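Following my numbering, the numbering of the sequence shown begins with 944 at its first residue and continues without gaps.
Built from N, CA and C at the ideal position, the CB exists for glycine as well.
Predicted model only: the values in this text are computed from it and were never measured.
Step one of this worksheet: look at the structure below.
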Amino acid sequence: MRTIKLLLILAIFVFSFNSSMSQEVNIISINSRTSLSLNGSWKYVVDPYETGYYDYRREARDQRANPSKSEALFLGYKAQSPSERVEYDFDKSENIMVPGDWNSQIEKLFYYEGSVWYYKKFDYDLSTEANRQFLHIGAANYEADVYVNGTKLGKHIGGFTAFNYEISHLLKPTGNFVIVKVDNTRGLEKVPTINTDWWNYGGLTRDVKIVDVPATFVQDYYIQLAKNDPKTIDVSLELNGANKANQSIIIEIPKAGIKVRFITDENGKLIGQIPARNLQLWSPENPHLYEVKITHQKHEVLDRIGFRTLDTQGSDILVNGKSVFLRGISIHEENGIKGGRAHSLEDAKLLLGWAKELGCNFVRLAHYPHNENMIRVAEEMGLMVWSEVPVYWTIQWENEETYQNAEKQLIDMIFRDKNRASVIIWSMANETPVSTERTEFLSNMINTTRSIDSIRLISAALERHTQEGTKNTQIIADPLQELVDVISFNEYIGWYAGLPESCNDAVFDIQFNKPVFISEFGGGALYGYHGDKGTLWTEEFQEELYIQSTLMLEKIPQLRGMTPWILSDFRSPRRLLPEIQDGWNRKGVLSEKGDKKKAFYILQQYYDSKKLEYLNK
Ligand code: GCB
C-alpha cells in the first residue's frame, strides 16, 4: 500500500514540476569547498497574497510558458521604458541581511507568516571554465522556490536542512541574480505541523553561497571508526561527474601516519577500510580531531575528523568502551541576546560556552537539525550531541507525503553530520502520541536511519504516564521502547504534573535493560523574580524543582543522562502570561540574555558530582 501511494506521489511530483528544474545535490563538507559567499544585504519584497507567484487564476507563474514580466517576480525584471508596466522593483525594495530571519530583523514582520521574496545580484569569475558551480542554501524556513537568472532550480521543503542546485549552465561573468521565495506558512501536513512551542522564524536563516567544484568532484565521503574497533577506519566515498569511474582517491591523515590510495568503481564509488594504529580517540575529555585530506587528481577536500567508538551494553552507553553519563542540556537554535535564529560561529560559541560552564559533556539540539557551526563547535569543545528532526507532537502519521518529507529531513541531517564524532544520538521525534500509524511511521524512520548509519544510537523523546491505579508509579507505555537504543522521555513531574514535592514518592517502572535518558524536565522562572519556593515562576521554585528532580531521577538504576529543558529562555508564541512570559518560554536555567538563575547552580553542582562518579568507571 505504502509503495503504491509513494509511486502516486512521485508521479504527481514529477508532473507538477517543470522538467527543466534541477535536482537537489547533497555535497558533504560544504564549508571546505571553494566558494563565493552571497551572505550580506539582499533586497526583499513581502508578498502575503503571493501575487508574484500565482496569477489571478491561481496558476503558478513559473509554470507558464510566457509568464507576465510585469508581475512574475521570479524573473527579476526591470521596466525598459516609462510606458512599461512592471508592478515590482527589487532595486527600490528594502534591504534584509542574509543569513537571518525576517521576524527579528524587521519590526513589521515580527509575527509574519507567509511569503517573502529575496533578491541578490552578483558577478561570477568563470575563468576556470571546466569547473561546476552549485548554489548552496544552508536553510530556508519553511519552503523555498529558488531561481537563478530567471530559471527555476527547484522547490525545497523543510526549514532546517541544507540544499544545493547546480547552476553551472546558468552563470554569466556579470549581471547574475538569485531570487528565492521563502514561505513560512504553517500547515497541518507539514513537518513540523502547525503546533510548536517555538518561534516560526522565516527566511534565509543560514549561509547562502556559490560552491565551485571540479567537473568531477568528491560529493560525499564517510570516514569513521568501524563498529567497536578502534583499529579500523571505515571509508566510503562517492564522486560526481562524467569521469567518476576508476578514479584514484588518496586519503591522508598525516598525524596518524595514514596515506592510502583507493580506486572508485564504475559508479564512482568506493568502500574500504584503513587499518589504524594508536589513534588518539575523540572524547569529551580530549576532543582530539585529525586533519584529513582527500585528494582526487589535483583537488583536495580537507576536513577535521574525530574517531571514537560508540555502543550500548545493557543500560550503559559506551564511548571508547567506557561507560558515560550524559550531563546535558536542551538547546534551541536561538540567540536571545541579539534576537532571532542563531546561525554563526559566534552564536554557537555563546550557547555552547554556556553549556560548558554548566558542566555539560552533552547537548540536545532540539527540535530540528541545527546549523553546522553548532555541531562543529560542540565537537571542538568536547560536547557530545543529540540531533533531532522536527517530528514534533501530532503530525499527520497517515499522510505519505508527510512521511516522505520527514524522512528526507532525516536523511539530509545524517548526510551532513555523519563524520562528526560529537554526534552520538539521532532522535526521530519528540512527544508523539502512541498509535499504530505513529509507530509504523517512526519504525520506518528508524529502519532508514539504521540502513545509513549502523553506529550511532537511535532514540526519540517519548512521554511518561502515571500508571493507572497507582499513586505515583511512572511508566513509559510506548512500543517504541523496543526499537530504540536509548529510552528517552520528557518527564516534567513537579511542573506539568503536581508540585516539586511530587518527586518524593515517584517511582519509575522501566522494564527494559537499556540506557534511560531524561530528554526534558524543568519549569518556568523569571530571572530576578524572587519569593518562597512555593511561589510559581520564582527562581526559588525552579531551584527547588531541580533539587527534587535530580534526587528523584537518581533512583532510576538505568539512568545514563539527561538534558533538562532548557539552556536559556526562548521565544514562543504559545507563552501568553503577562509580566512573566510575554512571549517567552521561561524554562531556561539562564535568561535569554544569559543571566544565571538559581537552578543553574543546582544543575552545575549535580553535574560536578556525576563527573566525579563516572571518572573511575
Ligand atoms: C515539551 C516540549 C518542548 C516544550 C516544553 C515546555 O515537552 O518538548 O518543546 O517547549 O515541553 O516548555 O512545555
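Task: Whole-angstrom distance between GLY1466 and ASP1066, CA atom to CA atom - done: Within the sequence shown, numbered from 1, the residue matching residue 1066 stands at position 123. Within the sequence shown, numbered from 1, the residue matching residue 1466 stands at position 523. Looking at the two C-alpha atoms, the distance is approximately 51 Å.
- [ ] Report all residues from its chain with a CB closer than 7 Å to the CB of ASN1074; omit the five preceding and five following residues, and keep chain order.
- [x] Locating residue 1074 in the sequence shown gives position 131, counting from the first residue. Closer than 7 Å at the Cβ level, and outside the excluded window around ASN1074, lie ASP1155, VAL1156, PRO1157, ALA1158.
Task: Cβ neighbour criterion (16 or more within 10 Å) applied to PRO1500 - done: What you label residue 1500 is simply residue 557 of the sequence shown in a count that begins at 1. With fewer than 16 other Cβ atoms within 10 Å, it is exposed.
Open item on the list: Given a cut-off of 8 Å on the beta-carbon distance, is the pair VAL988 and TRP1060 in contact?
Closed with: For the purposes of this step, residue 988 is identified with residue 45 of the sequence shown, where counting begins at 1. For the purposes of this step, residue 1060 is identified with residue 117 of the sequence shown, where counting begins at 1. Yes, the Cβ-Cβ distance between VAL988 and TRP1060 is below 8 Å.
Open item on the list: Please classify THR1493 as buried or exposed, where buried requires at least 16 neighbouring CB atoms within 10 angstroms.
Closed with: The sequence position of residue 1493 within the sequence shown is 550, counting from 1. Buried, because 16 or more other Cβ atoms sit within 10 Å of the Cβ of THR1493.
Open item on the list: Among ASN1433, ASN1456, ALA1403, ASN1447, whose alpha-carbon lies nearest the alpha-carbon of GLU1463?
Closed with: Position 520 of the sequence shown holds residue 1463. Considering only alpha carbons, the answer is ASN1433.
Open item on the list: Quick check on GLY1392: buried or exposed, where buried means 16 or more other Cβ atoms within 10 Å of its Cβ?
Closed with: Position 449 of the sequence shown, counted from the first residue, corresponds to residue 1392. Rather than Gly, the amino acid found at residue 1392 in this sequence is Thr. Result: buried.
TODO: Return the bridge partner residues of GLU1037 from the DSSP annotation.
DONE: What you label residue 1037 is simply residue 94 of the sequence shown in a count that begins at 1. In the DSSP output, where bridge partners are listed per residue, GLU1037 has TYR987.
Task: Alpha carbon of GLU1315 to alpha carbon of ASN1278, nearest angstrom - done: Reading the sequence shown from its first residue, position 372 is the one you call residue 1315. Reading the sequence shown from its first residue, position 335 is the one you call residue 1278. Those two C-alpha atoms are separated by around 15 Å.
TODO: Leaving out five residues on either side along the sequence, give the residues of the same chain with a beta carbon under 8 Å from the beta carbon of ILE1545.
DONE: To locate residue 1545, count along the sequence shown from 1; it is residue 602. Excluding positions up to five away in sequence, the list reads GLU1486, TYR1489, ILE1490, THR1493.
Task: Reduced DSSP category for ARG1564 - H, G, I as helix; E, B as strand; rest coil - done: With the chain running from 944 to 1560 in the structure shown, residue 1564 is simply not present.
TODO: Let me know if ALA1008 comes out buried or exposed under the rule of 16 or more other beta-carbons within 10 Å of its beta-carbon.
DONE: As a first step, residue 1008 is located in the sequence shown; it is residue number 65 there, counting from the start. Exposed.
Open item on the list: Suppose the cutoff is 6 Å on Cβ atoms and the five residues either side in sequence are ignored; what does the same chain contact list for ASP1032 look like?
Closed with: Reading the sequence shown from its first residue, position 89 is the one you call residue 1032. Cβ within range, chain order: n/a, list empty.
Open item on the list: For TYR1414, count the other beta carbons within 10 Å of its own beta carbon; 16 or more makes it buried, fewer makes it exposed. Which is it?
Closed with: Sequence index remark: in the sequence shown, residue 1414 carries index 471 (1-based). Checking the sequence, you will find Lys at residue 1414 rather than Tyr. LYS1414 is exposed by the Cβ-count criterion.
TODO: Indicate whether SER980 and LYS1152 have their beta-carbon atoms separated by less than 8 Å.
DONE: As a working note, residue 980 is residue 37 in the sequence shown. As a working note, residue 1152 is residue 209 in the sequence shown. Yes, these two residues count as a Cβ contact at 8 Å.
Open item on the list: Which residues neighbour ligand 1 when neighbourhood means a C-beta less than 6 Å away from any of its non-hydrogen atoms? List them by chain order.
Closed with: ASP1140, HIS1310, ASN1373, GLU1374, ASN1433, GLU1463, TRP1508, ASN1528, LYS1530
Task: Residues near PHE1543 in its chain [Cβ-Cβ closer than 7 Å; skip 5 each side] - done: Your numbering for residue 1543 matches position 600 in the sequence shown. Contacts found: LEU1301, VAL1532, LEU1533.
Open item on the list: Quick check on DSSP: helix, strand or coil for GLY1474?
Closed with: Here residue 1474 refers to the residue found at position 531 when the sequence shown is read from its first residue. Note: GLY1474 maps to coil in three-state DSSP.
Open item on the list: Whole angstroms are fine: how far does the CA of ILE1274 sit from the CA of TRP1508?
Closed with: Residue numbering aside, residue 1508 sits at position 565 when the sequence shown is read from its first letter. Residue numbering aside, residue 1274 sits at position 331 when the sequence shown is read from its first letter. TRP1508 and ILE1274: Cα-Cα distance of roughly 8 Å.
- [ ] Look up GLY1296 in the DSSP assignment and say whether it is helix, strand or coil.
- [x] What you label residue 1296 is simply residue 353 of the sequence shown in a count that begins at 1. Helix.
Task: the stretch 1084 to 1100 contacting the stretch 1122 to 1131, beta-carbon criterion three pairs below 8 Å - done: yes
Open item on the list: Is PRO1042 near ligand 2 - that is, is its Cβ less than 7 Å away from at least one heavy atom of it?
Closed with: Ligand 2 is absent from the structure shown, which contains only ligand 1.
- [ ] Whole angstroms is fine: what's the gap from LYS1098's alpha carbon to GLN1006's?
- [x] Along the sequence shown, one-based indexing puts residue 1098 at 155. Along the sequence shown, one-based indexing puts residue 1006 at 63. C-alpha separation (whole angstroms): 12 Å.
- [ ] May I have the straight-line CA-CA distance separating TYR1062 from ASN982, to the nearest angstrom?
- [x] To locate residue 1062, count along the sequence shown from 1; it is residue 119. To locate residue 982, count along the sequence shown from 1; it is residue 39. Roughly 12 Å between the two C-alpha positions.
Task: Sequence-distant residues of its chain with Cβ nearer than 7 Å to TRP1142 (five each side left out) - done: As a working note, residue 1142 is residue 199 in the sequence shown. Only ASN1046, ARG1514, SER1515, PRO1516 meet the Cβ criterion.
Open item on the list: For GLU1561 and LYS1281, what's the separation of their Cα atoms in angstroms?
Closed with: An answer regarding residue 1561 cannot be provided, because it is not within the stretch 944 to 1560 covered by the chain.
Task: Integer Cβ distance of VAL1459 from LEU1405, believed to fall under 8 Å - done: Looking up residue 1459 in the sequence shown gives position 516. Looking up residue 1405 in the sequence shown gives position 462. About 11 Å separates the two Cβ atoms, so there is no contact after all.
Task: Secondary structure of ARG945, DSSP reduced to three states - done: Here residue 945 is taken as the residue at index 2 of the sequence shown, counted from 1. Note that ARG945 has pLDDT 49, beneath the 50 cutoff, so the model's placement of it is unreliable and the number below is only indicative. ARG945 falls in the helix class under three-state DSSP.
TODO: Classify ALA1349 as buried or exposed, calling it buried when 16 or more other Cβ atoms lie within 10 Å of its own Cβ.
DONE: Looking up residue 1349 in the sequence shown gives position 406. ALA1349 should be labelled buried.
Task: Stretch-stretch touch, CB-based, cutoff 8 Å, three pairs: the stretch 1021 to 1030 with the stretch 1129 to 1136 - done: no
Task: Opening and closing residue of the alpha helix (DSSP H) in which GLU1344 lies - done: Taking the first residue of the sequence shown as 1, we reach residue 1344 at position 401. Counting along the chain, the alpha helix (DSSP H) containing GLU1344 begins and ends at 1343 to 1360.
TODO: Drop a sphere of 10 angstroms on the beta-carbon of HIS1313, count the other beta-carbons inside from all chains shown, and report buried for 16 or more, exposed for fewer.
DONE: Here residue 1313 refers to the residue found at position 370 of the sequence shown. Burial call: buried.
- [ ] If I'm right that ASP1355 touches THR1104 with Cβ under 8 Å, what's the distance once you round it to whole angstroms?
- [x] In the sequence shown, counting from the first residue as 1, residue 1355 sits at position 412. In the sequence shown, counting from the first residue as 1, residue 1104 sits at position 161. The Cβ separation is near 4 Å, so the contact holds.
TODO: Give every residue of the same chain whose Cβ lies closer than 8 Å to the Cβ of TYR997, excluding the five residues on either side of it in the sequence, and list them in chain order.
DONE: Indexing the sequence shown from 1 puts residue 997 at position 54. Only ALA1003, ARG1004 meet the Cβ criterion.
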